[in-house]
Every structure is written in C-alpha cells, then in structure tokens.
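Numbering (UniProt numbering), first residue to last: 1 to 69.
The structure appears right after this line, and notes come after that.
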C-alpha cells in the first residue's frame, strides 16, 4: 500500500472513475467492500426477521400483564 505518496492512478483519474462507477451501480468494486455490503444486508435481514417473529409474543405479553385501570 502506498503511504500517501505520488500515485499515477490518482493523477490519471483512474481512481476517481472507479469510485464514480462503483457509486453509480451501487456495488463496491473491491472484495472487502463487497464483503462489508453483504454483511450489512445479512445482519439487517436477520435482525428484522427476529423483530417480526417476536412481535406477536410481545403483544401477547403486554395484553396478558396489562392491569385494568
């Protein structure tokens, strides 16, 4: 990895073009970027599914322990 020195790719505009394409298509061009995106999708999906599955249990719990006023 370069530590902030001169880069022909930056000078030629190659890095900026890659970044624009990546943003436009919505898919990261690097392997680590793709892995992070997939991880976010999977974890968000699992948490959403758990919340939906537990919602009826939560409602029944609230209705059962609700004290009349």
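Quick reminder that beta carbons are idealized off the backbone N, C-alpha and C, glycines included.
Which two residues bound the contiguous alpha helix (DSSP H) that contains residue 56?
Position 56 of the chain shown, counting from 1, holds the residue named residue 56. Counting along the chain, the alpha helix (DSSP H) containing residue 56 begins and ends at 31–65.
One question on the structure: do residue 34 and residue 27 come within less than 9 angstroms of each other, judged by their Cβ atoms?
As a working note, residue 34 is residue 34 in the chain shown. As a working note, residue 27 is residue 27 in the chain shown. Yes, they are a contact pair.
Under 9 angstroms, do residue 37 and residue 29 count as touching if we go by C-beta distance?
Within the chain shown, the letter at position 37 stands for residue 37. Within the chain shown, the letter at position 29 stands for residue 29. No; because the gap between Cβ atoms is not below 9 angstroms, this pair is not in contact.
If we ignore side chains and look at the alpha-carbon of each, how far apart do residue 61 and residue 20 end up?
As a first step, residue 61 is located in the chain shown; it is residue number 61 there, counting from the start. As a first step, residue 20 is located in the chain shown; it is residue number 20 there, counting from the start. So the two alpha carbons sit approximately 50 angstroms from each other.
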